[in-house]
Structures are given as C-alpha cells and as structure tokens.
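Structure first, commentary second.
Residue numbers (the UniProt record's numbering): 1 to 69.
Take a look at the structure:
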C-alpha cells in the first residue's frame, strides 16, 4: 500500500472541487479515483480484500461489460 497516497490526493482534490462548485471536475475525479484504485489493486498496491469492487465499477464507467466477477 505504498501508493495509497495517490487515492488520498485524489480524494482531497475531489473535496476541493465539490466545495468550490466544480461539479463536473468532482465527478471526473470520482471516476479517476476508481481507475486509480483498480490499477493499484491489479498491481498489488491497492486496498486488501476489495480488489474486484473498484475494477467492476471502473469497467462500468469505461463502458466495459460485467463479467460476473
């Protein structure tokens, strides 16, 4: 989890965007956090025990199909 900091930074940026009325940016950052969590999970750097949750959500956002994982 040495790269967990990137998720924290993205969360801080999302909070800033929401607090300052930048709703489109906040929404994009939410998607970006899902992608980052997915990539970290795939490389073994993400949160333990929930690797499939972020991957499934990111696939939905990216237009991917569900595989029943």
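Just so it is clear, CB atoms sit at the ideal spot from N, CA and C, and this is done for glycine as well.
Query	Result
Secondary structure of residue 14, DSSP reduced to three states	helix
Counted within 10 angstroms of its Cβ, other Cβ atoms place residue 43 as buried (16 or more) or exposed	exposed
Close-in-space but distant-in-sequence residues of the same chain around residue 11 (CB under 7 Å, 5 per side omitted)	33
Neighbourhood of residue 13 by C-beta distance below 7 Å, restricted to the same chain and skipping five residues each side	29
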